[in-house]
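Chemist:
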Amino acid sequence: MNIDHVLNEIQDLNLSYMLLAQRLLNEDFTTGLFRLKIDEALGKVLVSLSAKQLARMARTNQLLFRLHLDDAGQVSELTREKREQGLGQTHASLLMAACQS
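In my numbering, the protein residues as written are 33 to 133.
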């Protein structure tokens with residue numbers, strides 16, 4: 033895999049993330065802030081960006097977001113055998129919320 037291909041993949045991922053973030057914030061601002069783990073000021077800036085500005089931001093060689101799972105134990109818990117129907121999603125939500133603090 034050559035470096036140009038990797039950079040294109042990063043830029044595509046960045047643009048997808050920025051569009052998703054903007055959509056989440058437009059649909060329900062408070063919930064979007066929580067899911068994206070960003071503060072209100074950043075949320076307001078993201079909502080205000082035009083498509084051209086989002087595309088310009090996406091054209092970087094670094095990911096614009098970071099994985100919020102900093103603990104190998106959390107990843108292990110999230111990927112373990114499925115819990116009873118309905119409880120698995122609740123458990124995952126609780127683990128992800130714990131990452132925020």
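Ideal Cβ positions, reconstructed from N, Cα and C, are used throughout, including at glycine.
Owing to the predicted nature of the structure, the values given are computational and were not obtained by experimental measurement.
Per DSSP, what kind of secondary structure is H37 in: helix, strand or coil?
Modeler: Taking the sequence shown and counting its residues from 1, one reaches residue 37 at position 5. Three-state result, H37: helix.
Chemist: State the DSSP-derived secondary structure class of D28, mapped to helix, strand or coil.
Modeler: With the chain covering only 33 through 133, there is no way to say anything about residue 28.
Chemist: Could you compute how far the alpha carbon of D44 sits from the alpha carbon of R112?
Modeler: Taking the sequence shown and counting its residues from 1, one reaches residue 44 at position 12. Taking the sequence shown and counting its residues from 1, one reaches residue 112 at position 80. Straight-line Cα distance between these residues: approximately 30 Å.
Chemist: What residues in its chain sit with their C-beta under 8 Å from that of I42, if we drop five residues either side in the sequence?
Modeler: Taking the first residue of the sequence shown as 1, we reach residue 42 at position 10. T92, N93, Q94 and L95, listed in sequence order.
Chemist: Could you please give the first and the last residue of the uninterrupted alpha helix (DSSP H) stretch that includes F66?
Modeler: Within the sequence shown, residue 66 is the residue found at index 34, counting from 1. Note, F66: alpha helix (DSSP H), F61 to L68.
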